[in-house]
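Numbering (the numbering used here), first residue to last: 14 to 307.
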């Protein structure tokens, strides 16, 4: 699924892209260079401050082994940890300056450019057909999606992918917030990934986010005789002062489309899909009814 769509954070089921909403998980990847660089800087500042790993970990809320993993580039340091560490170690902003790059390192390599574009977007259009788009997924739904991946992902990778996808949802907290439009195929709402309890929480999440002033969620009913989106999920990203780009993802492979004519075609397709789907008000009512039917 696309990580951006959510079916766009590796999983071919949900992200920008997994179902364009999933960052396809894929196998664990080699340590990113930025993680090693950040880890060396973190260790240098810790030693300068005269702190052992255990003491530093106690002050930041992490175990000594986790601090070692951060310093050795084996784990991604959370943004909040970086902020605390920068102040505690009197790093003068050096660690914080690497925060965005470190955050991007938590995504599969193929999704990192898409994650950057998503973070810069002033407007996002997401069409999801396989799973709930990643930006809309609950933590429990994400967990279920990543645990379904075959070959199986190890537990550490699952948790890393979940954390990465949750971090992407901070896009809704930006000031000013981006305008975000989702069209979700009805089949997604009928597919109880993770079980009924997980799906109930997911539908409640859709109702919650669908009430945001900058978000519109539409449902493409199964009984529509016309559907311009039969080619599959995609995401269109609009950035300030730049041409729109499209993001496509399938089976762990992703494509960022920049050629104007091709992007124009995707933009036109999304406009038709929106016109064919239920209105946002009708869609929220449909989701509410689906929730009642569970």
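Beta carbons are placed, not taken as given, at the ideal position from N, Cα and C, and that holds for glycine.
Since the model is a prediction, treat every value here as computed from it, not as a measurement.
- Query: Can residue 196 and residue 139 be called in contact, C-beta distance under 9 angstroms?
  - Reply: Mapped onto the chain shown, residue 196 falls at position 183. Mapped onto the chain shown, residue 139 falls at position 126. Residue 139 sits close to residue 196, with the two beta carbons spaced by under 9 angstroms.
- Task: Name the one or two DSSP bridge partners that residue 140 has.
- Result: Your numbering for residue 140 matches position 127 in the chain shown. Residue 140 is bridged to 196 and 247.
- From this set, 265, 118, 66 and 93, which residue's C-alpha is nearest residue 47's C-alpha? Counting from 1 along the chain shown, the entry for residue 47 is found at position 34. With distances taken between Cα atoms, residue 47 lies closest to 118.
- Around the Cβ of residue 288, are there at least 16 other Cβ atoms within 10 angstroms (buried) or fewer (exposed)? Working through the chain shown from its first residue, we reach residue 288 at position 275. That one is exposed.
- Beta-carbon proximity check, residue 220 vs residue 304, cutoff 9 angstroms: Position 207 of the chain shown, counted from the start, is the residue given in the question as residue 220. Position 291 of the chain shown, counted from the start, is the residue given in the question as residue 304. Yes; because the gap between Cβ atoms is below 9 angstroms, this pair is in contact.
- Query: Cα separation between residue 97 and residue 56?
  - Reply: Position 84 of the chain shown, counting from 1, holds the residue named residue 97. Position 43 of the chain shown, counting from 1, holds the residue named residue 56. Computed Cα separation, rounded: 14 angstroms.
- Could you please give me the residues that DSSP links to residue 260 through a beta bridge? As a working mapping, residue 260 is identified with position 247 in the chain shown. According to DSSP, residue 260 bridges with 248 and 269.
- Between the Cα of residue 225 and those of 192, 233, 207 and 93, spot the shortest distance and give me the residue it belongs to. Here the question's residue 225 lines up with position 212 in the chain shown. When only C-alpha atoms are compared, the closest one is 192.
- Query: Could you give the distance in angstroms between the alpha-carbon of residue 215 and the alpha-carbon of residue 300?
  - Reply: Counting from 1 along the chain shown, the entry for residue 215 is found at position 202. Counting from 1 along the chain shown, the entry for residue 300 is found at position 287. Computed Cα separation, rounded: 10 angstroms.
- Message: Checking the sheet assignment: what are the DSSP bridge partners for residue 229?
- Response: Along the chain shown, one-based indexing puts residue 229 at 216. Bridge partners of residue 229: 194.
- Query: How long is the line joining the alpha carbons of residue 3 and residue 63, rounded to whole angstroms?
  - Reply: Shown here, the chain extends from 14 to 307; a query on residue 3 therefore has no answer.
- Task: With DSSP collapsed to three states, give me the class of residue 35.
- Result: Counting from one through the chain shown, the residue named residue 35 turns up at place 22. Residue placement at residue 35 cannot be trusted, given a pLDDT of 44 that sits under 50; the coordinates are not used to answer.
- Query: Can you tell me whether DSSP reads residue 147 as helix, strand or coil?
  - Reply: Within the chain shown, numbered from 1, the residue matching residue 147 stands at position 134. Correct three-state label for residue 147: strand.
- Message: Rounded to whole angstroms, what is the Cα-Cα separation between residue 30 and residue 260?
- Response: Numbered from 1 along the chain shown, position 17 holds the residue referred to as residue 30. Numbered from 1 along the chain shown, position 247 holds the residue referred to as residue 260. Its pLDDT being 44, under 50, residue 30 is placed unreliably by the model, and the measurement read from it follows with that caveat. Taking the straight line from one Cα to the other gives about 7 angstroms.
- So, do the stretch 237-254 and the stretch 124-134 have three or more beta carbon pairs nearer to each other than 8 angstroms? yes
- Message: If you reduce the DSSP assignment to three classes, tell me which class residue 339 lands in.
- Response: For the chain, the structure presents residues 14 to 307; residue 339 sits outside this window and is missing.
- Taking DSSP as the reference, what is the three-state secondary structure of residue 169? By one-based count along the chain shown, residue 169 stands at place 156. The answer is helix: DSSP assigns residue 169 an H, G or I state.
- Message: Mapping the DSSP letters down to three states, classify residue 290 as helix, strand or coil.
- Response: The residue labelled residue 290 in the question sits at position 277 within the chain shown. If DSSP states are grouped into helix, strand and coil, residue 290 belongs with coil.
- Task: Check the DSSP bridge columns for residue 255 and list the partner residues they point to.
- Result: The count along the chain shown starts at 1 and reaches residue 255 at position 242. DSSP, once it has assigned bridges, lists no residue as partnering residue 255.
- Task: In the DSSP assignment, find the unbroken alpha helix (DSSP H) run with residue 112 in it and report its ends.
- Result: Within the chain shown, the letter at position 99 stands for residue 112. Annotation for residue 112: the continuous alpha helix (DSSP H) segment containing it runs 112-117.
- Item | DSSP-derived helix/strand/coil call for residue 134 | For this step, residue 134 is matched to residue 121 along the chain shown. Strand.
- Message: Can you give me the C-alpha to C-alpha distance between residue 102 and residue 58, rounded to a whole angstrom?
- Response: Here the question's residue 102 lines up with position 89 in the chain shown. Here the question's residue 58 lines up with position 45 in the chain shown. Cα to Cα, residue 102 sits roughly 6 angstroms from residue 58.
- Item | Collapsed DSSP secondary structure at residue 188 in the structure displayed | As a first step, residue 188 is located in the chain shown; it is residue number 175 there, counting from the start. The answer is coil: DSSP assigns residue 188 none of H, G, I, E or B.
- Just confirm the distance between the C-beta atoms of residue 201 and residue 144, as a whole number of angstroms; I'd bet it's less than 8 angstroms. Along the chain shown, one-based indexing puts residue 201 at 188. Along the chain shown, one-based indexing puts residue 144 at 131. 6 angstroms between Cβ atoms; contact.
- Item | Cβ neighbours of residue 185 in the same chain (closer than 6 angstroms, five flanking residues each side left out) | Within the chain shown, numbered from 1, the residue matching residue 185 stands at position 172. Nothing listed; no residue qualifies.
- Task: Have a look at residue 293 and residue 223 and give me their C-alpha separation to the nearest angstrom.
- Result: What you label residue 293 is simply residue 280 of the chain shown in a count that begins at 1. What you label residue 223 is simply residue 210 of the chain shown in a count that begins at 1. Answer to the nearest angstrom: the Cα atoms are 8 angstroms apart.
- Task: Sort 255, 190 and 156 by Cα distance to residue 273 and report the nearest one.
- Result: Stepping through the chain shown from its first residue, residue 273 is reached at position 260. Nearest neighbour of residue 273 by Cα position, chosen from 255, 190 and 156, turns out to be 255.
- Query: What three-state label does DSSP hand residue 204 in the structure shown?
  - Reply: Walking along the chain shown from the start, residue 204 turns up at place 191. Coil.
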